[in-house]
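Chemist: Start counting the sequence shown at 7; every next residue gets the next number (the working numbering). Glycine is no exception: its CB is placed at the ideal position from the N, C-alpha and C atoms.
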Amino acid sequence: MRTYEVIFISAPGTADDDLTKLTTQLEQTVTTRGGIVTKTEHWGRRKLAYSIGKYDEGNYTLLYIDGTGQEIAEVERRLRVTDFVIRHITVRTDEDLKRAAKVKAKRKPT
């Protein structure tokens, strides 16, 4: 299985109920396709580095997903068609974690 991080930014005026509903829908999408959502973090409202459209702030949400990649395609499709999501990014992190573990093992004195 591969490990992914999905971060999406929603519009600052988005209701908490809508954000919770979207997050649960994404989690259900991943689990029905055979993946696992290991962790969900709501970072809250933060200032954006640059304006996106007419927004200077956004609500950040981070999902850690273990899966094959088919789940990620559906999650990204849902994020693209959701009106209040202004940006999203998906990063595959399993290779980076393996490299970091290998370096850590070399540094460890025997």
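(1) Going by DSSP, name the residue or residues bridged to I92.
(2) So is I95 buried or exposed if we call it buried at 16+ other beta carbons inside 10 Å?
(3) Using 8 Å as the threshold, is the region 34-45 in touch with the region 67-84, meaning 3 or more CB pairs across them?
(4) Could you tell me whether the region 61-72 touches the region 12-20, using the rule of 3 or more Cβ pairs below 8 Å?
(5) Whose C-beta lies closer than 8 Å to the C-beta of L8 among residues of the same chain, with five residues either side of it excluded?
(6) Using only alpha-carbon positions, find the residue among A55, T30, G59 and F90 that is nearest to K45.
Modeler: This is what the structure holds:
(1) Bridge partners of I92: none, in fact.
(2) Exposed, by the Cβ-count rule.
(3) Judged by Cβ distances under 8 Å, the region 34-45 makes contact with the region 67-84, as three or more pairs qualify.
(4) Yes, they touch.
(5) The identity of residue 8 in the sequence shown is Arg, whereas the question assumes Leu. Same-chain partners within the cutoff: D72, G73, T74, G75, R98 and D100.
(6) Of the candidates A55, T30, G59 and F90, the one whose C-alpha sits nearest the C-alpha of K45 is T30.
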